[in-house]
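Colleague:
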């Protein structure tokens, strides 16, 4: 792939011309590419919301209230749905008036909650669109984090909680001094997955808004340059760059959480 | 005691509100799918349908869109790829866990580093390989990609394999069993729980995958559930109620499977992520 990235190959031509690092230089001059990176920040922000929400709910559900399983089911099912279906659900939900005589479901809800003045063009407005789409990703993925956290919390020795209760520790202290240290590994893993995920967002913006209105992400951009514009060389340079970033992030993670390496073989 | 009860009430209220928020996006979709064309365009999204048993849109979506073919194609891909993944994964795990061979370290290291690199970054190089193998726009491209690039299931199998006592292999060998007999008679049956996990997480992943099918199989005849649904957007953009019905048809099998296999799915998800 690196070999492609230093050529101007179009994917079909039998000859490829070596053009050195020109593709890379071009990337750094291309504001659109920077824009897609900036868009990843929205999804990263969304991941932070998503992780804290999941942790909060996982803690609540771990108290073993009656009906926890039903609630859990409601919270997790979006993660299993087909991505195209999810995108279409939200394309319909975000709709403004125009396609039908009435606005989409979201506008309806806001109106009936007395928040009518918040109504905006959810996917038509380039300043709002990334928030809308990041919201979709919270809706879809946080159940997954919830399952991970719940699994981790339930694997903590229950005697620790009993001991804490005898010592009259309140719920916050139990959470802070037993739950949080107990799920450190899973939390680290979740953050790594979130970073990887927010760089490689593809389906939801691609289908909901076709990457229009400034909602394009790095992967959409790469796919477009490689397979629509046939600039395989340039797209390879993009991919090499992304790979570099991901490896860097992983490396940082490995150094920070060194003591928790799991040996496989 | 009184304080604890208010605490519980607050928790229940929070949970209920969040669950309502989770379900809310689907409600307008369900309503829309049951409305006629005029009704859809003249009533609000949250107005319940006039006739709760108007399944005309589902009929249209099923017959006019390519959903049937999508389900058939996905079914083929799903079954072939799952069998492939399980065979390749269990064999790889068997080889890595039970034998010492030259270059073993290199192989394991290669698997490890491959797991770290997210798939999307290597798409362009992968695409060239598929193209060179003349598999572009054939079913084999997706099958090969699903079975060949599946490191997570190898991990799951490996982890499980480590808990199968080696003494079993050895006693079988003393009885005169060869490597293949041991694999098929002992290892494979004992790996059944791990296989179930892999079937669940991979089955969901394949069913929901849009990227691979979109990129490698543009031929409408090879459309999967995801791409067929995606192709509804063009021809049906004037009748969103049909798109809504089609979306529901795609969601339905997942919801049913989720309700039936809930416990296994939670387990599978956790196992798949922790590697």
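Chains as they are written, first to last, in my numbering: chain A, 1 to 265; chain B, 1001 to 1275. For every residue, glycine included, the Cβ atom is placed at its ideal position computed from N, Cα and C. What you are looking at is a predicted structure, and each value in this text was computed from that prediction instead of being measured.
Which same chain residues, not among the five before or five after residue 149/A, have their C-beta less than 7 Å away from its C-beta?
Modeller: Sequence index remark: in the first chain, residue 149/A carries index 149 (1-based). Cβ neighbours of residue 149/A beyond the five flanking positions: 54, 55, 58, 183 and 186.
Colleague: For chain A, is any of its Cβ atoms less than 8 Å away from the one on residue 1032/B?
Modeller: Translated into positions along the second chain, residue 1032/B becomes position 32. Residue 1032/B counts as touching chain A.
Colleague: Classify residue 285/A as buried or exposed, calling it buried when 16 or more other Cβ atoms lie within 10 Å of its own Cβ.
Modeller: Outside the modelled stretch of chain A, which goes from 1 to 265, sits residue 285/A, for which no answer is possible.
Colleague: Quick one: is residue 1139/B buried, meaning 16 or more other Cβ sit within 10 Å of its Cβ, or exposed?
Modeller: As a working note, residue 1139/B is residue 139 in the second chain. Residue 1139/B comes out buried.
Colleague: Determine whether the Cβ of residue 147/A lies closer than 8 Å to any Cβ atom of chain B.
Modeller: As a first step, residue 147/A must be located in the first chain, where it is residue number 147. True, the Cβ-Cβ gap to chain B drops below 8 Å.
Colleague: Roughly how many angstroms lie between the CA atoms of residue 201/A and residue 1228/B, to the nearest whole one?
Modeller: As a working note, residue 201/A is residue 201 in the first chain. As a working note, residue 1228/B is residue 228 in the second chain. Rounded to whole angstroms, residue 201/A to residue 1228/B spans 21 Å at the Cα level.
Colleague: Would you be able to state if there are at least three C-beta pairs under 8 Å between the region 1047-1055 of chain B and the region 1195-1203 of chain B?
Modeller: In short, these stretches do not touch, since the Cβ pair count stays below three.
Colleague: From the DSSP output, in three-state form, read off residue 66/A for me.
Modeller: Here residue 66/A is taken as the residue at index 66 of the first chain, counted from 1. If DSSP states are grouped into helix, strand and coil, residue 66/A belongs with coil.
Colleague: When you check each C-beta in the region 157-191 of chain A against every C-beta of chain B, which residues fall closer than 9 Å?
Modeller: The residues in question are 171, 185, 186, 189 and 190.
Colleague: Between the region 1072-1086 of chain B and the region 1251-1258 of chain B, do at least 3 Cβ pairs fall closer than 8 Å?
Modeller: In short, these stretches do not touch, since the Cβ pair count stays below three.
Colleague: Quick one: Cα of residue 140/A to Cα of residue 1012/B, how far?
Modeller: Taking the first residue of the first chain as 1, we reach residue 140/A at position 140. Taking the first residue of the second chain as 1, we reach residue 1012/B at position 12. So the alpha carbons of these two residues sit roughly 22 Å apart.
Colleague: Counting only beta-carbon atoms, is residue 1006/B nearer than 8 Å to chain A?
Modeller: Looking up residue 1006/B in the second chain gives position 6. No, residue 1006/B lies away from the interface with chain A (no Cβ there is under 8 Å from its Cβ).
Colleague: Determine the DSSP secondary structure at residue 264/A, reduced to helix, strand or coil.
Modeller: As a working mapping, residue 264/A is identified with position 264 in the first chain. With a pLDDT of 36 at residue 264/A, under the threshold of 50, the modelled position of that residue is not reliable, and the figure given next carries that caveat. Residue 264/A falls in the coil class under three-state DSSP.
Colleague: Could you check if residue 1181/B is buried or exposed, using at least 16 other CB atoms within 10 Å of its CB as the buried criterion?
Modeller: Position 181 of the second chain, counted from the start, is the residue given in the question as residue 1181/B. Burial call: exposed.
Colleague: Over the uninterrupted alpha helix (DSSP H) stretch that includes residue 1207/B, give me the two end residues.
Modeller: As a position in the second chain, residue 1207/B is number 207, starting the count at 1. First-last of the alpha helix (DSSP H) with residue 1207/B: 1192-1208.
Colleague: Thinking C-beta only, is residue 1030/B closer than 8 Å to residue 1090/B?
Modeller: For the purposes of this step, residue 1090/B is taken as the residue at position 90 of the second chain. For the purposes of this step, residue 1030/B is taken as the residue at position 30 of the second chain. In this structure, residue 1030/B does not lie closer than 8 Å to residue 1090/B by Cβ.
Colleague: Output needed for residue 1045/B: all residues of its chain with C-beta closer than 6 Å, excluding positions within five of it in sequence on either side, in chain order.
Modeller: Against the second chain, residue 1045/B aligns to sequence position 45. Excluding positions up to five away in sequence, the list reads 1028.
Colleague: Would you say residue 64/A reaches chain B, if we count a Cβ-Cβ gap shorter than 8 Å as a contact?
Modeller: Numbered from 1 along the first chain, position 64 holds the residue referred to as residue 64/A. Output row for residue 64/A: interface = no.
Colleague: Measure from the C-beta of residue 1242/B to each C-beta in chain A and report whether the shortest distance is under 8 Å.
Modeller: Looking up residue 1242/B in the second chain gives position 242. Output row for residue 1242/B: interface = no.
Colleague: From the DSSP output, in three-state form, read off residue 1050/B for me.
Modeller: Your numbering for residue 1050/B matches position 50 in the second chain. Looking at residue 1050/B - three-state DSSP - the assignment turns out to be coil, as it is neither helix nor strand.
Colleague: By Cβ distance below 7 Å, which residues in the same chain neighbour residue 1153/B in space, the five residues on each side in sequence not counted?
Modeller: Here residue 1153/B corresponds to residue number 153 of the second chain, with the count starting at 1. Hits under 7 Å: 1085, 1089, 1198 and 1202.
Colleague: Verify the CB distance criterion: does residue 135/A have a CB-CB separation below 8 Å to chain B?
Modeller: Translated into the one-based positions of the first chain, residue 135/A becomes position 135. With 8 Å as the cut-off, residue 135/A does not count as an interface residue toward chain B.
Colleague: Counting contacts by CB-CB distance shorter than 8 Å, is residue 1262/B in contact with chain A?
Modeller: For the purposes of this step, residue 1262/B is taken as the residue at position 262 of the second chain. Judged by the 8 Å Cβ criterion, residue 1262/B is in contact with chain A.
Colleague: Is the number of C-beta pairs between the region 1030-1041 of chain B and the region 1240-1252 of chain B that are closer than 8 Å three or more?
Modeller: Cβ pair count under 8 Å is three or more, so yes.
Colleague: Please decide whether residue 1153/B counts as near chain A, where near means a Cβ-Cβ distance under 8 Å.
Modeller: For this step, residue 1153/B is matched to residue 153 along the second chain. No, residue 1153/B does not count as interfacial toward chain A.
Colleague: Would DSSP call residue 1035/B helix, strand or coil?
Modeller: In the second chain, residue 1035/B corresponds to position 35, counting from 1. DSSP places residue 1035/B in coil when its eight states are reduced to three.
Colleague: Measure the beta-carbon distance from residue 1098/B to residue 1175/B and round it to whole angstroms, keeping in mind my assumption that it falls under 8 Å.
Modeller: By one-based count along the second chain, residue 1098/B stands at place 98. By one-based count along the second chain, residue 1175/B stands at place 175. Wrong, their Cβ atoms sit about 17 Å apart, outside the cutoff.
Colleague: Rounded to whole angstroms, what's the CA-CA distance from residue 236/A to residue 217/A? Just pull it up for me.
Modeller: Locating residue 236/A in the first chain gives position 236, where the first residue counts as 1. Locating residue 217/A in the first chain gives position 217, where the first residue counts as 1. Residue 236/A and residue 217/A: Cα-Cα distance of roughly 16 Å.
Colleague: Closer than 7 Å to a non-hydrogen atom of the ligand ATP - does that hold for the CB of residue 45/A?
Modeller: Of ligands this structure carries none, so the ligand ATP is not represented either.
Colleague: Relative to the alpha-carbon of residue 203/A, which residue among 155/A, 165/A and 85/A has its alpha-carbon at the smallest distance?
Modeller: As a first step, residue 203/A must be located in the first chain, where it is residue number 203. Selected option, being the one with the closest Cα: 85/A.
Colleague: On the three-state DSSP scale, how would you describe residue 39/A?
Modeller: Position 39 of the first chain, counted from the start, is the residue given in the question as residue 39/A. Helix.
Colleague: Whole angstroms is fine: what's the gap from residue 147/A's alpha carbon to residue 1177/B's?
Modeller: To locate residue 147/A, count along the first chain from 1; it is residue 147. To locate residue 1177/B, count along the second chain from 1; it is residue 177. Their Cα atoms are separated by approximately 42 Å.
Colleague: To the nearest whole angstrom, what separates the beta carbons of residue 109/A and residue 1024/B, a pair I think is in contact under 8 Å?
Modeller: Taking the first chain and counting its residues from 1, one reaches residue 109/A at position 109. Taking the second chain and counting its residues from 1, one reaches residue 1024/B at position 24. Rounded, the Cβ-Cβ distance is 7 Å, consistent with contact.
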